[in-house]
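*Asks:*
In my numbering, the protein residues as written are 1362 to 1653.
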């Protein structure tokens, strides 16, 4: 649905839904890191998907039940969730290894990788704006990681892998939305990922304490319904309006990292993040071209 930027009430609604997305994503970062004090990443992801599925069930029943969740594209759902599961694993793992600001900054390369993958799998075309976005994104990552003259933190490489995994998942979702509803995509995500993570989680299972159960409820709720918020935002405004709002996640993550964990933003991360965000803006500026 396309909405004119001049339609201020719609833009305000989009901003309201994006504030929900931002709040839930930032809260999930803290809740995920706190849960990792007791649980492995596999356990966090398994509990998150199971609790998320329980939270989603009333919505499923209200939308026609299991019959409405049938899909003719199960292979694509499986492929999408394999890469998304891998991306999420790396993302949660990186939260325990590097500052929140670095996680978000490197994660913001995802739209750039998505543009490249869309060329190969969805028939979209590259242009000078997308090429410039790619170059700025890569330079930004190199500045943050500092591979020359400094020791590369494994957490930085892990979140970069997460960004590529999220990009692959995004391209798959873009294809799935041609035939399946957002609710179907969320339903199969939770079903498939809970099955994928069951055995790894049980290998070294530890029952969470009461405090961590609270954090896990936050992770499950935020991880499930943050995607609904951004989908609703896109109904009220174009991506060119919605996506830049997500850039607020970086300065907000810096503030939260400072307040909660006494993390300090270094100059390299700030400069690299600025280039990555600039690259995303150029990517948004690129005109849409019909698939070939």
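Every residue, glycine too, gets a C-beta built ideally from N, C-alpha and C.
Residue 1425 by DSSP, collapsed to three states: which one?
*Replies:* Taking the first residue of the chain shown as position 1, residue 1425 is located at position 64. Looking at residue 1425 - three-state DSSP - the assignment turns out to be coil, as it is neither helix nor strand.
*Asks:* Just to confirm the assignment: which complete alpha helix (DSSP H) runs, minimum length 4, are found wholly within the segment 1611–1636?
*Replies:* If we require 4 residues or more, the segment 1611–1636 turns out to have no alpha helix (DSSP H) run fully inside it.
*Asks:* Does DSSP put residue 1536 in a helix, in a strand, or in coil?
*Replies:* Mapped onto the chain shown, residue 1536 falls at position 175. Of the three classes helix, strand and coil, the one that applies to residue 1536 here is helix, per DSSP.
*Asks:* Does the Cβ of residue 1607 have 16 or more other Cβ atoms within 10 Å, making it buried, or fewer, making it exposed?
*Replies:* Here residue 1607 corresponds to residue number 246 of the chain shown, with the count starting at 1. Buried is the call here.
*Asks:* Thinking just about the alpha-carbon of each residue, which of 1458, 1382, 1407 and 1444 is nearest to the one in residue 1515?
*Replies:* Residue numbering aside, residue 1515 sits at position 154 when the chain shown is read from its first letter. That would be 1458, whose Cα lies nearest to the Cα of residue 1515.
*Asks:* Taking 7 Å as the line, does the beta carbon of residue 1597 fall inside it for any heavy atom of the ligand ATP?
*Replies:* Ligands displayed in this structure: none; no statement on the ligand ATP is therefore possible.
*Asks:* Using C-beta distances below 6 Å, list every residue in its chain close to residue 1583, excluding the 5 sequence neighbours before and after it, in chain order.
*Replies:* Sequence index remark: in the chain shown, residue 1583 carries index 222 (1-based). Contacts found: 1385, 1388 and 1389.
*Asks:* Determine the DSSP secondary structure at residue 1639, reduced to helix, strand or coil.
*Replies:* If you number the chain shown from 1, residue 1639 lands on position 278. DSSP places residue 1639 in helix when its eight states are reduced to three.
*Asks:* Taking all protein chains shown into account, do 16 or more other C-beta atoms lie within 10 angstroms of the C-beta of residue 1566, making it buried, or fewer, making it exposed?
*Replies:* Translated into the one-based positions of the chain shown, residue 1566 becomes position 205. With fewer than 16 Cβ atoms within 10 Å of its Cβ, residue 1566 is classed as exposed.
*Asks:* Got a sec, what are the start and stop residues for the alpha helix (DSSP H) residue 1347 sits in?
*Replies:* Residue 1347 cannot be examined here, being either before or after the span of the chain that is shown, 1362 to 1653.
*Asks:* Which same chain residues end up closer than 6 Å to residue 1408 when comparing Cβ atoms and leaving out the 5 residues on each side of it in sequence?
*Replies:* Within the chain shown, the letter at position 47 stands for residue 1408. Once the five neighbours on either side are set aside, the close Cβ partners of residue 1408 are 1577.
*Asks:* Can you list, in chain order, the residues of its chain whose CB lies under 8 Å from that of residue 1579, leaving out five sequence neighbours each side?
*Replies:* Taking the first residue of the chain shown as 1, we reach residue 1579 at position 218. Around residue 1579: 1388, 1389 and 1392.
*Asks:* What number of angstroms, rounded off, separates the C-alpha of residue 1611 from the C-alpha of residue 1624?
*Replies:* The residue labelled residue 1611 in the question sits at position 250 within the chain shown. The residue labelled residue 1624 in the question sits at position 263 within the chain shown. Roughly 13 Å between the two C-alpha positions.
*Asks:* Using only the alpha-carbon positions, how far apart do residue 1554 and residue 1413 sit?
*Replies:* The sequence position of residue 1554 within the chain shown is 193, counting from 1. The sequence position of residue 1413 within the chain shown is 52, counting from 1. Distance between the alpha carbons of residue 1554 and residue 1413: 11 Å.
*Asks:* Could you tell me whether the Cβ atoms of residue 1436 and residue 1533 are closer together than 8 Å?
*Replies:* Here the question's residue 1436 lines up with position 75 in the chain shown. Here the question's residue 1533 lines up with position 172 in the chain shown. Cβ distance not < 8 Å, so residue 1436 and residue 1533 don't count as in contact.
*Asks:* What number of angstroms, rounded off, separates the C-alpha of residue 1506 from the C-alpha of residue 1429?
*Replies:* Here residue 1506 refers to the residue found at position 145 of the chain shown. Here residue 1429 refers to the residue found at position 68 of the chain shown. Those two C-alpha atoms are separated by around 46 Å.
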